[in-house]
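Following my numbering from start to finish, the sequence shown increments by one per residue and tops out at 1646. Beneath this line is the structure, given in structure tokens, with notes to follow.
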Amino acid sequence: MKKKMILLYVVTMVTILGLVIFTMQTMGYSIIEQQTNLRLLSLAASKSNQIANLVEQDFERASLIASRTQMRKSLIAYKEGEDPKNQLIRMHNIIKDAAHSVESIQNIDIVNLQGRIITSTNESKINQHLINSDVYIKGKENRYFSEIMWDVDGTPFYHLSMPLYHTEDQYTNLQNAIGLLVVEMSVERILDILKDTTGLGNTGDISFLSLESEIMTCIRLKNQNGEGFYIEEWPVDKKTSDQDGIRQQILSVSGEDIFATFNWIEIREKQWGILVKIDQNEIMEPYLRMYGYLSVAFGALTILGIFVFLLGIRYSFYGIQKLLEGAEEFGKGNLDYHIEVQSKDEIRRLADSYNSMASKLKMFRDQMENLSFTDQLTGIGNRRLFEEEMIRLDAPHHFPLTILMGDVNGLKLVNDAFGHTLGDQLLQMAASVLMEACSRAHVICRMGGDEFVILMPETTTIEAKETMERIQKKLEETRVGRVELSVSFGLATKNTVKEPLGEVVQQAEEEMYRNKLLEGKKMKERTIKAIIDTFFESDPNYRVHAENVAYWSYHLGEKQKLSKEKLSVLTKAAKLHDLGKITFDQDIMNKSTVLTSREWMEMKRHPENGYRILDSVSQYKEVAEIILSHHEHWDGTGYPRNLKGEEIPLESRIIAIAESYDVMTTTQPYREAMSREYALKELQKNAGSIFDPVLVQQFLSLP
């Protein structure tokens, strides 16, 4: 009997503990999967909205170009034969200025009603016929938005086309059309949106999809640094599938052992989408490790239980019955059940052990539940909490209910220059300011990436604006290092039951994006200034070297008879040519011995780092291009793109000579300064291999 009871107890305990572990593991996986999918869906929706806004902005810009009075007058005069040559020149200058003023425009064509291109910013396209293309056929009837196309270099773009009329108020009267405007838009800004994978760890991936006929075209970045992209095509059976069916087909080819979500964007009858993926192993690894520890702990408790059971088998079966009842309740997942044993023997101790284990498991379950509602980086609520609170607060006694949305400006630029650690600190500080400025009744959540939202029950628009002003004032006083903390806000208020809360959220988000368009550029410029100041203050030698390189570059540029404008750009690029080194460890920069191969590979990335930082601000784009190529060699052995000869920008070739001369004639951590004569001989020695031989000869003549 004793052996049977022991055997029964062992089998029961192993089964129950197995069920508990299985239940907790299944519950934990379900919560993690749900939280991850919500986070990915939030990110996909956010990216979709950003892309939709970009396309609408492109339409608005194209419409502004089409509405230019001088261009329409010139086209009418050209059509009527009034000095057609000068009219073409005027129209060409107008569209050329328009293309230069909008960086996303690659080309603009003006097409006559017979489908012939009469003028274009790309002069090789003039007199080409578009009569058989959708750009002409559909664009002359209404505003037309093309599918994604690729040029000969494999670079994606799309077309916008629309009729041109006598006057602005005749847009709907096709009889008054006098021509057609065709604008070729770059997809580069869409790719910039895909580059920001904040919150997706090391294996996260964002792809842009375009559905045409039964082919889904996928544009996917090669890596999280945004260096290049892949283009893939997937067959899609549209005849037998609705949108959900197509979504499942897309997810099925995305790969196994991943979490993935897909979000449709329908823009002017074009079906686009955003696919967000992340490796399951990256998400689940810490939780699986925790389950392993729990399994060991449960196994130890099982052995302890058997030992205690052997000691207490001779006592009352009443205590054993209570233990069995408790084990059954635990097996059902009822962790609130408490085993009551009156005796003070081993049975009581075993019951207390089980009760303690149940309390710890309950605490762990509650922690898991809390984890599913908390943003792990900032400690505030996440998107799941936001959606739950939206349902709870959407009731008349909470009205007026105000939604305040915020987006941190310049986060990607900070990540590129200072690393994701500082970017995370920026997000944490933003969350801290929001919590400090808001009341306890407000629900503060991070929607993912750089977006925050605050639910304000029983708060009018005026009261919400006062809170927003309080937040803005606190943000103006806040710095993370030298970086300003800037957030663009938008708000909207629900006052009645009839107003859909989803539309109120959308209104707040649209206002936020409008404000971000106005504030984002200024914030980028201030962030760039902070980056430059931080770089030069990190080591006084950087500023001295920069000034020397700028001095020699300027005088060599004068020898080339560069204009004042080009000399200004050259001098600025010379001063900032080493800005990409801000991302390096200072120990590498000051190392007095030979760099290891790994350190040297890191050092060679500074032109790309500097380009990535400066290229995001329009006023530094020319400077960024020059910096990117200042370590290219005349014979093509340089880096990062192995350009050679005159493929290398003239300004980059000038800086290469000026920098080498200053490095040789200045004391370095690893050697003393060389003489001017030695440095000039080295330049002559490497003319035609590293340096432009003509520029070297001109440099030798400088005083």
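Glycine included, every Cβ here is placed at the ideal spot set by N, Cα and C. The model shown is predicted, which means the values in this text are computed figures rather than measured ones.
query, result
"Strand pairing of Phe1432, partner residues [DSSP]", "Gly1349"
"Where Glu1412 falls, given that 16 or more other Cβ within 10 Å makes a residue buried", "exposed"
"DSSP beta-bridge partners of His1072", "Arg1059"
"Closest residue to Lys1518 among Thr1402, Ser1315, Leu1444, Gly1553 (Cα-Cα distance)", "Gly1553"
"Between the CA atoms of Leu1522 and Arg1425 - distance to the nearest angstrom", "16 angstroms"
"Cβ-based burial, Met1306 [other Cβ within 10 Å; buried from 16]", "exposed"
"Met1014 versus Asn1029, Arg1548, Val1423, residue with shortest Cα-Cα distance", "Asn1029"
"Where Pro1339 sits in the DSSP three-state scheme", "helix"
"Distance cut-off 7 angstroms: Lys1547 Cβ against heavy atoms of the ligand COA", "No copy of the ligand COA occurs in the structure displayed, which carries no ligand at all."
"Gly1391 - partner residues in DSSP beta bridges", "Glu1394"
"For Thr1609 and Arg1619, the rounded distance between their alpha carbons", "10 angstroms"
"Neighbourhood of Val1447 by C-beta distance below 6 angstroms, restricted to the same chain and skipping five residues each side", "Ile1346, Ala1435, Lys1437"
"Separation of Leu1007 from Ile1162, as counted between CA atoms", "30 angstroms"
"Chain-order list of residues whose beta-carbon lies under 6 angstroms from that of Thr1514 (same chain, five-residue window excluded)", "Ala1493, Tyr1497"
"Val1440 (DSSP reduced to helix, strand or coil)", "coil"
"Sequence-distant residues of its chain with Cβ nearer than 8 angstroms to Ile1019 (five each side left out)", "His1109, Ile1121"
"Close Cβ partners of His1574 (< 8 angstroms) along its chain, the five nearest in sequence each way excluded", "Lys1547, Pro1550, Gly1581, Tyr1582, Pro1583, Ala1599"
"Proximal residues to Ser1150 (C-beta, below 7 angstroms), its chain only, five neighbours per side dropped", "Cys1161, Ile1162, Arg1163, Leu1218"
"Candidates Asn1065, Pro1178, Val1054, Glu1090: closest to Leu1124 by CA position", "Val1054"
"As assigned by DSSP and simplified to three states, the class of Glu1488", "The sequence given here has His at residue 1488, not Glu. Note: His1488 maps to helix in three-state DSSP."
"Cβ separation of Glu1594 and Ala1516, assumed to be a contact under 8 angstroms, to the nearest whole Å", "6 angstroms"
"Per-residue burial, Pro1612 [other beta carbons within 10 Å of its own, 16 or more giving buried]", "exposed"
"Residue from Leu1354, Gly1349, Ile1133, Leu1344 with nearest C-alpha to Thr1403", "Leu1344"
"Start and end residues, alpha helix (DSSP H) containing Asn1358", "1354-1361"
"Nearest-angstrom Cβ-Cβ length linking Asp1222 and Thr1141, presumed shorter than 8 angstroms", "With 8 angstroms as the limit, Asp1222 and Thr1141 do not qualify as a contact, their Cβ atoms being about 17 angstroms apart."
"Own chain residues within Cβ distance below 8 angstroms of Pro1339, not counting five before or after", "Val1440"
"Between the CA atoms of Glu1394 and Thr1418 - distance to the nearest angstrom", "In the sequence as displayed, the identity of residue 1418 is Leu instead of Thr. Going by the C-alpha atoms only, they are around 15 angstroms apart."
"Buried/exposed call for Gln1562, threshold 16 Cβ in 10 Å", "exposed"
"Arg1327 - DSSP class collapsed to helix/strand/coil", "helix"
"Pairwise C-alpha distance: Glu1453 and Ser1382", "25 angstroms"
"Inter-residue Cα distance where the pair is Leu1154 and Ile1038", "31 angstroms"
"Val1045 versus Gln1371: straight-line alpha-carbon distance, rounded", "34 angstroms"
"Cβ-based burial, Thr1536 [other Cβ within 10 Å; buried from 16]", "exposed"
"For Glu1271 and Ala1240, the rounded distance between their alpha carbons", "19 angstroms"
"Own chain, CB closer than 7 angstroms to Asn980, minus 5 neighbours either side, in chain order", "Phe1202, Thr1204"
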